[in-house]
Every structure is written in C-alpha cells, then in structure tokens.
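Undergrad:
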Amino acid sequence: MIFVKTFKGYEDKPAEIDNAVNTWILRNKVEVVGLQTVLSHEHGGRAGSGDLLFTVMYKADQPIA
Numbered sequence: 000m001i002f003v004k005t006f007k008g009y010e011d012k013p014a015e016i017d018n019a020v021n022t023w024i025l026r027n028k029v030e031v032v033g034l035q036t037v038l039s040h041e042h043g044g045r046a047g048s049g050d051l052l053f054t055v056m057y058k059a060d061q062p063i064a
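Numbering (numbering that gives the first Met the number 0), first residue to last: 0 to 64.
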C-alpha cells in the first residue's frame with residue numbers, strides 16, 4: 000500500500016528537516032514513491048520564519064510512525 004508521512008520544519012532551518020526526513024527513510028528502509036514540499040511564509044510574522052512541510056509518500060505493509 001501507499002502511505003504518507005508529513006514532516007514540519009522552518010524555512011530558515013532547512014537542514015534540520017532534511018536530516019529528519021533522510022534519517023526516517025534510512026531507519027525504516029522504506030521505498031519512497033514521491034515527495035512533496037510546501038513553504039508557508041507570512042511576511043512580518045512574529046516568528047520571522049515560515050513553515051516548511053515535507054510529505055513523503057512510501058510503500059509499506061502498514062503505516063510507519
């Protein structure tokens with residue numbers, strides 16, 4: 000079956016989310032069939048940085064946390 004796993008990070012720290020996604024893929028030995036990203040930035044927001052979301056689509060027998 001195909002499942003999705005979503006990761007959330009911050010646009011000013013892309014290396015952190017890249018590391019989280021890559022570590023999860025390697026640890027779980029999943030077959031990735033797709034990857035989508037989206038950036039949500041609010042100019043003048045208090046955080047000064049927008050959200051960065053990665054959605055990994057992968058094949059597995061059951062969802063992996």
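Every residue, glycine too, gets a C-beta built ideally from N, C-alpha and C. All values derive from a computational prediction rather than experimental measurement.
#1: Could you check if Gly33 is buried or exposed, using at least 16 other CB atoms within 10 Å of its CB as the buried criterion?
#2: Going by alpha carbons, who is nearest to Thr5 out of Asp60, Leu51, Pro62 and Val55?
#3: Just how far apart, CA to CA, sit Leu51 and Pro13?
#4: Is it buried or exposed for Val20, if we count other Cβ within 10 angstroms and need 16 for buried?
#5: Find out if the Cβ-Cβ distance for the pair Gly49, Glu15 is shorter than 8 Å.
TA: Walking through what the data contain:
#1: exposed
#2: Val55
#3: 8 Å
#4: buried
#5: no
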